[in-house]
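A short worksheet on the structure shown next.
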Amino acid sequence: MKQLSLIAFLFVFLQTAFAQQPVVYEKFDDFEKAVIKNDQHTYVINFWATWCGPCIKELPYFEKLHKENKNVKVILVSLDSRKDYEKKLIPFIQKKKLTAEVVLLSDKDYNTWLEKIDKSWSGAIPATFIFRGNHELFAERDFENYAELTNYVDTFINQLK
């Protein structure tokens, strides 16, 4: 019985120890240099937060897109507070078993960087930014289901052909 308890403890410990630890960007400029890349990949960047109901509802669609569409790179950009990193964000990622890349952008000086994503962005989330090279598409809205998200992404990709 002790061996079973030890095995269960080790399983939980190792799962927690190797769980995704999001990179934290305190400043948008650092985030931009690391994440907004001008290469041959199509990026789907979803801006969200653990306190945003519509964001939470659509996260499984982005997770599924990450797992099923190898033609895109999905990055989930949390806009949670830096102080919530350990107590809210990390447990949330573990609970939801997110495998897509998650980063924390904790730069609260929104007025200086929102327009760098899209000039029309009011700052509302969820918001999704899709780009490849100089081609961009921005959606300040939530997606109702996985099909709607994939259609949106596929339409962007097909316009590049």
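Throughout the sequence shown, residue numbering follows this note's numbering, covering 4 to 164 in sequence.
We put the beta carbon where it would ideally sit given N, CA and C, even for glycine.
Everything numeric in this text was worked out from a predicted model, so none of it was measured.
Test item: CB-CB of residue i and residue j under 8 Å
i: VAL105; j: SER81; result: yes
i: ALA103; j: PHE50; result: no
i: SER198; j: TYR28; result: This structure cannot speak to residue 198, because the chain is shown only from 4 to 164.
i: TYR155; j: PHE141; result: no
i: VAL38; j: ILE78; result: yes
Outcome for residue i when other beta-carbon atoms lying within 10 angstroms are tallied against a minimum of 16
i: CYS124; result: Residue identity check: residue 124 is Trp in the sequence provided, not Cys. It counts as buried.
i: TYR64; result: buried
i: PRO25; result: buried
i: HIS69; result: buried
i: GLU89; result: exposed
i: PHE16; result: Note on PHE16: pLDDT 44, under 50, position unreliable in the model; the coordinate value appears next. Looking at its Cβ environment, which holds fewer than 16 other Cβ atoms inside 10 Å, PHE16 is exposed.
Straight-line gap, residue i to residue j (C-alpha atoms, nearest Å)
i: LEU163; j: PRO94; result: 38 Å
i: ASP121; j: LEU101; result: 26 Å
i: GLY165; j: LYS99; result: The structure shown does not extend to residue 165, since the chain spans only 4 to 164, so no value can be given for it.
i: GLU71; j: ASN161; result: 17 Å
i: ASP157; j: LYS111; result: 32 Å
i: GLU151; j: LYS36; result: 30 Å
i: GLU143; j: ILE59; result: 15 Å
Own chain residues within Cβ distance below 6 Å of residue i, not counting five before or after
i: PHE134; result: TYR46
i: ALA11; result: Low local confidence applies: a pLDDT of 41 at ALA11 is under 50, so the model's placement there is unreliable, with the coordinate-based value given in what follows. Within the same chain, ALA11 has no close Cβ partners at all.
i: LYS67; result: TYR149
i: PHE132; result: ILE48, ILE120, PHE141
i: GLY126; result: TYR113, LEU117
i: LYS76; result: HIS44, TYR46
i: THR19; result: Confidence is the limiting factor: at THR19 the pLDDT is only 43, short of 50, which leaves the residue's position unreliable, though a coordinate-based value still follows. So the list is empty, once near-sequence residues are dropped.
Given residue i as reference, the closest of the options once Cα atoms are compared
i: LEU92; options: VAL75, LYS76, ALA52; result: ALA52
i: GLU139; options: GLY56, LYS86, LEU107, PHE159; result: PHE159
Own chain residues within Cβ distance below 8 Å of residue i, not counting five before or after
i: GLY136; result: ASN41, ASP42, GLN43
i: THR115; result: PHE31
i: ASP87; result: THR53
i: ASN74; result: THR45, ILE160
i: PHE34; result: TYR28, VAL80, VAL106, LEU108, ASP110
Residues near residue i by beta carbon distance below 7 Å, same chain, minus five either side
i: GLU61; result: PRO129, ASP145, PHE146
i: PHE14; result: Below a pLDDT of 50, predicted positions are generally treated as unreliable, and PHE14, at 45, falls in that range; the measurement from the model is reported next regardless. Same-chain partners within the cutoff: there are none.
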